[in-house]
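Enquirer:
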Amino acid sequence: MAIQFVLIGGSLALLFHFFVRARRRPVQKLAMTVVFAAIIFLVIFPDVSTWFANRVGVGRGVDLVFYLSSLVLLFLCFNLYLGQKALEDRLTIVVRELALQPHRPRPDAPAESRAEP
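Mapped onto my numbering, the consecutive letters of the sequence shown carry residue numbers 7 to 123.
Okay, structure coming up:
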């Protein structure tokens, strides 16, 4: 019974943190609200996950939750990888453009180093 309070409190704290700290689109906020509502529902009524697991051919509800969580985490890791790869590609383009620009001396450089060759 005490673990239910911890799980519900932790879920609410994470949801609060998500809404306060993260700037997200309304669709993302709605999706996270639905996910956390489902988590809280399954914490309050754990027999529902067992019932659903039996319907899809999994022995226990906790196993089904674990399998689904694993899939979600793999999706998130892959999504983060793709985002980082896109940022890396954009950074490469910016660095190449800067490297190919003509050299402009800094205004605070000594006069002899600013002379054109």
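No residue lacks a Cβ here, since even glycine has one placed at the ideal position from N, Cα and C.
Taking the C-alpha atoms as reference points, what is the distance between Gly-16 and Val-49?
Expert: Numbered from its first residue, the sequence shown carries residue 16 at position 10. Numbered from its first residue, the sequence shown carries residue 49 at position 43. So the alpha carbons of these two residues sit roughly 11 Å apart.
Enquirer: Helix, strand or coil: which one does DSSP assign to Met-7?
Expert: Within the sequence shown, residue 7 is the residue found at index 1, counting from 1. Of the three classes helix, strand and coil, the one that applies to Met-7 here is coil, per DSSP.
Enquirer: Between Leu-18 and the rest of its own chain, which residues show a CB-CB distance below 8 Å, the 5 nearest in sequence each way excluded?
Expert: Position 12 of the sequence shown, counted from the first residue, corresponds to residue 18. Closer than 8 Å at Cβ, skipping near neighbours: Phe-42, Ile-46.
Enquirer: Would Val-40 pass as a contact of Ser-55 if the rule is Cβ separation under 7 Å?
Expert: As a first step, residue 40 must be located in the sequence shown, where it is residue number 34. As a first step, residue 55 must be located in the sequence shown, where it is residue number 49. No; because the gap between Cβ atoms is not below 7 Å, this pair is not in contact.
Enquirer: Between Gln-90, Arg-29, Ala-44, Phe-58, which has its C-alpha nearest Leu-13's C-alpha?
Expert: Counted from its first residue, the sequence shown places residue 13 at position 7. For Leu-13, the nearest C-alpha among the options comes from Ala-44.
Enquirer: Which of the three DSSP states is assigned to Gln-90 in this structure?
Expert: Here residue 90 is taken as the residue at index 84 of the sequence shown, counted from 1. Here Gln-90 sits in helix by DSSP.
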